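**Student:** Using the working numbering, read the sequence shown as starting at 947 and increasing by one per residue.
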Amino acid sequence: MSYGLVWFKRDLRLADHAALAAAARRGPVLCVLIVEPSLWGQPDAARQHYEFMLEAARELHAGLRRLGGRLHLLVGEAVEVLDRLHAAAPFTELYAHEETGNGASYARDRAVARWCRARGVRWHELPQFGVVRRLDDRDRWQAAWEAHVAAPQAVLPAALVFVTPPALLQPGARAPEAAALGLDVFEPPRRQRGGRRAALDVLNDFLDQRSGQYRGGISSPLKAPSACSRLSPYLAWGCLSLREVVQATRVRVAVLAEGDRRRAGLSAFLSRLYWHCHFIQKLESEPALEFRNLHRGYDGLREGEWNPAHFAALVTGRTGWPLVDACVAMLRETGWLNFRMRAMLVSVAAYPLWLHWREVGLWLARAFIDYEPGIHWSQLQMQSGTTGINTTRVYNPIKQARDHDPQGVFVRRWLPALRRVPDSWLFEPWRMPASVQARCGLRVGEEIVLPVVELEAATRAAKARVHALRAQPEIRAAKAAIVDRHGSRRRPQARRREAAGSTAAAAQLDLGF
């Protein structure tokens, strides 16, 4: 029997699933999820991602069971698995969503495309986000994004027809244990859980209540856990579609009264959803930015000066700067931080610690439950100053603590050793006089970590090096081509402002929204 094979990847839902809907309209379908060891063995993969994916997949499987089908799980490399399936039960149509993933997934998709051509299989790849494949003109992108999010959601036929699976897909297949895939045994104990039910609960709670805190709350490490939407992992793994989130938000905005804080918060959130796809489009258009500087004139700036002691201090939360170390502690416990604290971590890594963004980015990719490659690598480069088109943004962790945690509640929550430190010394505890240390029962250099470098001097030296490079005529001259290829077209004159180093895009740090 002729059928369409539906390949689920980072689109673990039934609602607004364009690939499944298109396949089901043509005839019988078979739904598969492939656990690919090579992808899970990549340095940006973590156990928490795998477990989140499995939680969502189990719920998807239950949904398909209610419709009379099932989600068939296979283990192996994609081309090998497809070849086995094709030999057992030939198919002529393969359906999946487009994926703007890491380099390994990109190479995998290219290999699948070659396999399809060789076997005479037609591969239907449908847009997952407002990202345009083979975009030839950035000026056209905003209209394409709007058309995508405004289009009707994909609807499944009233009755789906599922094919009888071949023998190699008989029930009973189990997903490999995370350890068998080489994934670390650790995962944040308080991470968000996967699945569509959890995603809808979070979405509805945000639309109904928490959006009133969004404006003014998302920068604070104390308020952000409830003020932010917390939808980013569900978008990253496709438990929700971008389109349904945009449309649900617009519907809610339309019925809320002027002056309602939720209306203002949701309007700001819609802007973040736009920027979400803006950044993913950069990786779609230039996959190499995961591995090399977007502006090639910055090659060699940090690469040859890697300091393993600085990196170890950062990832273990022992930099000596309380807000930084508290953020690392929260990240390890929850898998999540708000956007400003993420930006601060990268800034500290890139400037006073003078670490290249690639290794820092791999650590954070594993640490973030909502890791989305397109957003992640664009943001790492932006915050590290290697895009060539954005204003240098350097976050002082002491000032950030005073601005966003003035009473030290966040720092003390995540760093118990500092709970005895008086307010006046909390954000610079290494400056405490010996008499104060004695009263607190703490010793600088032992219970209290000394800063790994002198913050002001190291930051000043780092900025000087970046700015000296930026000032070179050949570096400045190359900016225009980057803006033309990747710059925002959100506002009139955006191209000119970004070429001049505007913060219009840099201000939209959208990880952790």
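Beta carbons are placed, not taken as given, at the ideal position from N, Cα and C, and that holds for glycine. None of the values given here were measured: they were computed from a predicted structure.
Does the ligand ADP have even one heavy atom less than 8 Å from the beta-carbon of W1252?
**Tutor:** The ligand ADP is not among the ligands present in this structure, which contains no ligands whatsoever.
**Student:** Between T1046 and I1226, how many whole angstroms is the CB-CB distance? I'm expecting something under 8 Å.
**Tutor:** Contact flag correct, Cβ pair sits at about 5 Å.
**Student:** Enumerate in chain order the residues of its own chain whose CB-to-CB distance from H1043 is below 6 Å, with the five nearest sequence positions on each side excluded.
**Tutor:** Excluding positions up to five away in sequence, the list reads D957, A965, L1072, Q1074.
**Student:** Considering just the uninterrupted stretch of the alpha helix (DSSP H) at C1386, what are its terminal residues?
**Tutor:** First-last of the alpha helix (DSSP H) with C1386: 1380-1386.
**Student:** List the DSSP bridge partners of N950.
**Tutor:** Checking the sequence shown, residue 950 turns out to be Gly, not Asn. Paired residue(s): V975, E1039.
**Student:** Please classify H963 as buried or exposed, where buried requires at least 16 neighbouring CB atoms within 10 angstroms.
**Tutor:** So H963 ends up on the buried side.
**Student:** Measuring alpha carbon to alpha carbon, tell me which residue in W1221, D1369, V1294, P1134 is nearest V1340.
**Tutor:** When only C-alpha atoms are compared, the closest one is V1294.
**Student:** If you follow the alpha helix (DSSP H) that W1221 is part of, which residue opens it and which one closes it?
**Tutor:** That run of the alpha helix (DSSP H) goes 1207-1231.
**Student:** Does DSSP put E1374 in a helix, a strand or coil?
**Tutor:** If DSSP states are grouped into helix, strand and coil, E1374 belongs with coil.
**Student:** By Cβ distance, which residues of its chain are closer than 6 Å to R1437, with the 5 residues on each side in sequence left out?
**Tutor:** With a pLDDT of only 49 at R1437, under the threshold of 50, the placement of this residue in the model should not be trusted, and no figure is reported.
**Student:** Take I1164 and list the residues in its own chain whose beta-carbon comes closer than 8 Å to its own, dropping the five residues that flank it on each side.
**Tutor:** Cβ within range, chain order: A1170, A1173, C1174, N1284, F1285, R1286, F1459.
**Student:** Could you have a look at W1069 and say whether DSSP puts it in helix, strand or coil?
**Tutor:** In the structure shown, W1069 sits in a strand (DSSP, three-state: E or B).
**Student:** From G903 to A1096, what does the alpha carbon distance come to, in whole angstroms?
**Tutor:** The structure shown does not extend to residue 903, since the chain is modelled only from 947 to 1459, so the question has no answer here.
**Student:** Going straight from the alpha carbon of R1011 to that of A1105, what length do you get?
**Tutor:** Distance between the alpha carbons of R1011 and A1105 is about 13 Å.
**Student:** Assess, as a yes-or-no matter, whether the region 1028-1037 is touched by the region 988-1000 under the definition of 3 or more beta carbon pairs within less than 8 Å.
**Tutor:** The region 988-1000, when compared against the region 1028-1037, does not touch it at the 8 Å Cβ threshold.
**Student:** Report the three-state DSSP secondary structure of F1075 (helix, strand or coil).
**Tutor:** F1075 falls in the coil class under three-state DSSP.
**Student:** Along the beta strand (DSSP E) that carries L1019, what are the first and last residues, could you check?
**Tutor:** L1019 -> beta strand (DSSP E) spans 1017-1021.
**Student:** Rounded to whole angstroms, what is the Cα-Cα separation between P1103 and M1276?
**Tutor:** Spanning the two alpha carbons is a distance of roughly 44 Å.
**Student:** Near H1007, which residues of its chain fall below 7 Å by C-beta distance, leaving aside the five closest residues on each side in sequence?
**Tutor:** For H1007, where only same-chain residues beyond five positions count, the Cβ hits under 7 Å are R1016, L1017.
**Student:** Just reading off the alpha helix (DSSP H) that Y996 is part of, what are its end residues?
**Tutor:** Residues 993-1012.
**Student:** Taking 9 Å as the threshold (C-beta atoms), are T1333 and L1240 in contact?
**Tutor:** Against a cut-off of 9 Å, the Cβ pair of T1333 and L1240 comes out as a contact.
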